[in-house]
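S.K.: Residue numbers (our numbering), protein chains in the order written: chain A, 1 to 320; chain B, 321 to 640; chain C, 641 to 960.
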Amino acid sequence: MYIRGNITLETMDFKGADILSTKGLIRADLDVILERAKFFLPVAKKEKSSQILDGKVLAALFYEPSTRTRLSFETAMLRLGGKCISVVGMDSSSLAKGETLHDTAKVIENFADVIAVRHPQPGSAKEVADAASIPVINGGDGAGEHPTQALLDVFTMIEERKKLDGMTVALVGDLRYGRTVHSLSYLLSHFKVNLLLVSPDQLKMPDEIIKYLKKMNVHFSEMEKLDVAMKNAQVIYSTRVQKERFVNQDEYERFKHYYILTRDEIEKNNASVTIMHPLPRVGEISIDVDALPGAAYFRQVQNGVALRMALLSLVLGAKV
Amino acid sequence: MYIRGNITLETMDFKGADILSTKGLIRADLDVILERAKFFLPVAKKEKSSQILDGKVLAALFYEPSTRTRLSFETAMLRLGGKCISVVGMDSSSLAKGETLHDTAKVIENFADVIAVRHPQPGSAKEVADAASIPVINGGDGAGEHPTQALLDVFTMIEERKKLDGMTVALVGDLRYGRTVHSLSYLLSHFKVNLLLVSPDQLKMPDEIIKYLKKMNVHFSEMEKLDVAMKNAQVIYSTRVQKERFVNQDEYERFKHYYILTRDEIEKNNASVTIMHPLPRVGEISIDVDALPGAAYFRQVQNGVALRMALLSLVLGAKV
Amino acid sequence: MYIRGNITLETMDFKGADILSTKGLIRADLDVILERAKFFLPVAKKEKSSQILDGKVLAALFYEPSTRTRLSFETAMLRLGGKCISVVGMDSSSLAKGETLHDTAKVIENFADVIAVRHPQPGSAKEVADAASIPVINGGDGAGEHPTQALLDVFTMIEERKKLDGMTVALVGDLRYGRTVHSLSYLLSHFKVNLLLVSPDQLKMPDEIIKYLKKMNVHFSEMEKLDVAMKNAQVIYSTRVQKERFVNQDEYERFKHYYILTRDEIEKNNASVTIMHPLPRVGEISIDVDALPGAAYFRQVQNGVALRMALLSLVLGAKV
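(1) Is it right to say B/D494 is buried, meaning 16 or more other beta carbons lie within 10 angstroms of its own, or is it exposed?
(2) Residues of the stretch 600-624 of chain B with a CB closer than 7 Å to any CB of chain C: list them in chain order, please.
(3) In three-state DSSP terms, what is C/Y877?
(4) For the stretch 22-54 of chain A, list every residue whose C-beta sits within 7 Å of some C-beta in chain B, in sequence order.
(5) Would A/R79 count as contacting chain B if we go by Cβ distances under 8 Å?
(6) Are A/F73 and A/G139 closer than 8 Å when you measure CB to CB?
(7) Counting only C-beta atoms, is B/T468 closer than 8 Å to chain C at any point?
(8) Determine the extent of the alpha helix (DSSP H) in which A/D103 is found, giving its start and end residues.
(9) Using a beta-carbon distance below 8 Å, is B/L391 in contact with chain C?
(10) I'd like to know whether the C-beta of B/E419 is nearer than 8 Å to at least one C-beta of chain A.
(11) Taking one C-beta from the stretch 341-352 of chain B and one from the stretch 45-56 of chain A each time, how about it: are there three or more such pairs within less than 8 Å?
(12) Are the stretch 27-45 of chain A and the stretch 151-160 of chain A touching by the rule of at least three beta carbon pairs closer than 8 Å?
(13) Would you say C/D982 faces chain B, with C-beta separation under 8 Å as the test?
(14) If you reduce the DSSP assignment to three classes, tell me which class C/M641 lands in.
(15) Taking the straight line between their C-alpha atoms, what separation do you get for B/V352 and B/A630?
(16) Over what stretch of residues does the alpha helix (DSSP H) that includes A/N25 continue unbroken?
(17) Measure from the C-beta of C/N857 to each C-beta in chain B and report whether the shortest distance is under 8 Å.
(18) Which value, in whole angstroms, describes the spacing of the CA atoms of B/E465 and C/V945?
(19) Which residues bound the alpha helix (DSSP H) around A/I158?
(20) On the DSSP bridge list, what partners appear for B/E355?
(21) At the level of alpha carbons, what is the spacing between A/L226 and B/V567?
(22) Can you find a heavy atom of the ligand FMN that lies under 7 Å from the Cβ of A/L292?
(23) Use the C-beta contact count for B/I607: other C-beta atoms within 10 angstroms, 16 or more gives buried, fewer gives exposed.
(24) In or out: B/M536 buried (at least 16 other Cβ within 10 Å) or exposed?
(25) Can you list the residues of chain A that C/R816 reaches, using a CB-CB cut of under 8 Å?
(26) If you follow the alpha helix (DSSP H) that A/T180 is in, where does it begin and where does it stop?
(27) Name the chain C residues whose beta carbon is nearer than 8 Å to that of A/D103?
(28) Can you list, in chain order, the residues of its chain with a C-beta nearer than 7 Å to that of C/G934? Leave out the 5 residues immediately preceding and following it.
(29) Exposed or buried, which one is B/T582 when buried takes at least 16 other CB atoms within 10 Å?
(30) Just the chain A side, please: which residues come within less than 7 Å of C/T715 by C-beta, in chain order?
(31) Three-state secondary structure (DSSP) at A/I19?
(32) Since C/S706 and C/R758 should fall inside the 8 Å C-beta cutoff, what is the C-beta to C-beta distance between them, to a whole number of angstroms?
(33) Determine the DSSP secondary structure at C/R885, reduced to helix, strand or coil.
(34) List the endpoints of the continuous alpha helix (DSSP H) containing B/I586.
(35) Just the Cα atoms here: how many angstroms apart are B/S633 and B/V377?
(36) Is B/I605 helix, strand or coil when you go by DSSP?
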């Protein structure tokens, strides 16, 4: 997390803050964000309404397709009484005319009160934040970070299991290229979890994250087979093998369905396990799993709206 | 029309219903919808304002370009006090990453209160509706159905002629590939109309529709020449020959201007006839026809907003 | 400016007017527009809020990418309490199906209360305005006009220098193809300015504009070197050499950085000069210029929101 000027995390005042990464967050920050997300959950669930961001404008700058994340931000803003202006795709932007992200940010700050930016280039969200005088939330910057996804994942784990401390959480699939599991690992280090890192040898968690987990004294084990996780985890976090990260398409074909969660296996081994996935899924979780009470991946989406409501209201300094 | 759970058409309660087709509609349904559209017409005409859908969010999922239909839905929602989130085009969607329509629907239901979907694949609107727990309105699914167009067409005929029973209605042009005239035929079968089906032999109304009209005892005749319609119809419904449906472009060229309505011809034969068209027109109706009092195709657009206001408010259970 | 029906500029009543060009504007019109922009500046600056356009809908029809202009119009509308429906790009429009602009306009007038249109074809905004019964604002039509840019430029000059009469204004760069400097020249002719037209010989101001300036008795000089302007101007208006206008890319390369404004040069020669640019810049102004008090190009963006608020409220007949 990047904090501008005299706003510091110690005061718990997020007003004006940029949310760029999960790395710098401390447990107390997390508590503020998660409590605020919990507060807005009834609004995300359409049970209550709110006008807390009346008069505020969100600029959603999506330089690459990410319909889910964009609509989640827009929904969060609209259901809190705010308004949205949106840019979708590289072509429809001034970038086509050679403008720098710095200049784009200096322009957009005149339109909006807060920016959510998605960009294929790692570091681009920070570039926007450094230029803009209004708060910036990173909606994913390439292989970089995706902090709102990681935050909604932690929020979902707590919603589903009541607590995270003491839980065994399995991260399953492509741990090498999946930025989601990277951002999530940083966050989980704030809790007393037992991490199971399940991946093919070629798609193991990067050294940088492994070192970080060790430094933070996180209890974790790496493994290739799913069976231990399937028996012992309270949460299985499954991920898509990302075709776009593979140069060699044969290798992609080999790994894309390396782990498939089926209803039979889950019911036989661990009927109450919580199943999560950042979506879209492309076969990692069978459709028949959807009917299980522990299938939490669509509730994750709803929690994502609540979490983004929390961040938008916090960085805009709205009191609840 | 597809009705979910214990909501049945017999109770006239559309709350939660999906509007996927015109086929299952009964006359009593039509009456409810048309009455509601009439009620909202002053709002569509910008003479009155309404906040009846305050706090509601429409997701407009447009997987193929259809600016008119999308803007009509969005305008209907906004002018009733609601808000919109929109997806335009296939590329900017998660589908590019291989997500099924089923999963997309399970995601979107967490954002919106109602979905309007346009998709090139027949049956896709039903796929979305089967997955989503919120009401879904079909904004056109390929060669399948386009129920809101057909409903606004019937609404327009009644607005223009005061009634439909006893009227002679000519459907003119490409009756084979034009889904609009198919959906419309189903609806017109509920009224005591005399149908003139005017098309080149190669573009005749499909057998399925002809059988349906016979079964419903609709009085109709098929013909290739326009002259009978030009003399006797109270309503001429002209359609565009759809280039995109022809494999053979020579054939398209041959038929595209098979029937052209001109001011001279209309004034000479049938000055008070109502002229309709689903738009866009590409030459089927001369520009000079626009000045005739019976030129109703742009009023059709306005009626379309009122009709979509009716459907949105009905499926969202709003009382008027 | 095109005025429809019995609405005339003499009455100072802009209700229902189309804003298509800066050519026909008289000084009294300008005063009304600039005063209204000044009135809305605190709303554009997010210091005040307004609901003056509550219930009104803007259709933003952007047939070519112009994110800045589109977002500026949308922001202006939203911050005055209005709503927006938007079309971005040629492909997602009915034009792909062969519809004329005339028909598109007749359709859109049923959705919106006012249209902002951007189109690559000169004259297209007038085509839309001629067809539509609602007011139309030209958001740039190819090599034609860009009146809202010129108006916000004049508004910015007055905001920055308190007045325009008596000022020396230098227009620098591509004066041949840059429609912005053309529209701006027409407007500046209403003030007692001294114009310095600084360009390479190959990119001189077109004869038509030169003749107009002479006819209006504007004091101006043409020159190739920047030094006179750098020493004597109160306002330097720098422009981008537009790659897309050059057939010969070698020629583009030769001219693209013909004039570069640097902090050193400005501080040495004319420290208090106001620097303006319609953006995006691609090297004409060094980044280090941004820190100078006279660097007004990002304030221009904010003024653009206020100016578009002024136009939207005027043509919609809103009283302040």
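C-beta: ideal position from N, C-alpha, C; glycine also.
Predicted model, so just to flag it, every value in this text is computed and none were measured.
M.R.: This is what the structure holds:
(1) When all chains shown are included, B/D494 counts as buried.
(2) Here the close residues are P600, R601, V602, F618, V621 and Q622.
(3) Strand at C/Y877.
(4) Using a CB distance below 7 Å, the part of the stretch 22-54 of chain A facing chain B consists of K46 and S49, ordered along the chain.
(5) So, interface residue.
(6) Yes. Within cutoff.
(7) Closer than 8 Å: no.
(8) Segment L101 to I108, the alpha helix (DSSP H) holding A/D103.
(9) By this cut-off, B/L391 is an interface position.
(10) Yes, because at least one Cβ of chain A sits closer than 8 Å to the Cβ of B/E419.
(11) Here the stretch 341-352 of chain B makes no contact with the stretch 45-56 of chain A; the two share fewer than three CB pairs at distances below 8 Å.
(12) Taking a cut-off of 8 Å on C-beta distances, the stretch 27-45 of chain A touches the stretch 151-160 of chain A, as three or more cross pairs fall below it.
(13) Residue 982 of chain C is absent from the structure shown; chain C starts at 641 and stops at 960.
(14) Confidence in C/M641 is poor, its pLDDT being 46 and thus under 50, which makes the residue's placement unreliable; the coordinate value appears in the next sentence. If DSSP states are grouped into helix, strand and coil, C/M641 belongs with coil.
(15) Going by the C-alpha atoms only, they are around 9 Å apart.
(16) The identity of residue 25 of chain A in the sequence shown is Leu, whereas the question assumes Asn. Where A/L25 is concerned, there is no enclosing alpha helix (DSSP H), given that its DSSP letter is neither H nor E.
(17) So, not an interface residue.
(18) For B/E465 and C/V945, the distance between alpha carbons rounds to 43 Å.
(19) Unbroken alpha helix (DSSP H) run through A/I158: P147 to R161.
(20) Per DSSP, none; premise fails for B/E355.
(21) Taking the straight line from one Cα to the other gives about 51 Å.
(22) The ligand FMN is absent from the structure shown, which contains no ligands of any kind.
(23) Counting every other CB atom within 10 Å of its CB across the protein chains shown gives B/I607 a total below 16, marking it as exposed.
(24) So B/M536 ends up on the exposed side.
(25) Counting only Cβ-Cβ distances below 8 Å, C/R816 has no contacts in chain A at all, with the closest Cβ about 18 Å away.
(26) Membership of A/T180 in the alpha helix (DSSP H) is indicated by the continuous run R179 to L188.
(27) For a Cβ distance threshold of 8 Å, residue set L919, P920 and R921 of chain C lies close to A/D103, ordered along the chain.
(28) Its chain contains S912, V913, T914 and I915 as the residues whose beta carbon lies nearer than 7 Å to that of C/G934, once the 5 sequence neighbours on both sides are disregarded; these appear in chain order.
(29) Exposed, because fewer than 16 other Cβ atoms sit within 10 Å of the Cβ of B/T582.
(30) Chain A residues near C/T715: V57, I85 and F111.
(31) DSSP places A/I19 in strand when its eight states are reduced to three.
(32) Contact holds; Cβ gap of about 5 Å.
(33) Helix.
(34) R583 to N589 is the extent of the alpha helix (DSSP H) around B/I586.
(35) Cα to Cα, the separation comes out at about 12 Å.
(36) Note: B/I605 maps to strand in three-state DSSP.
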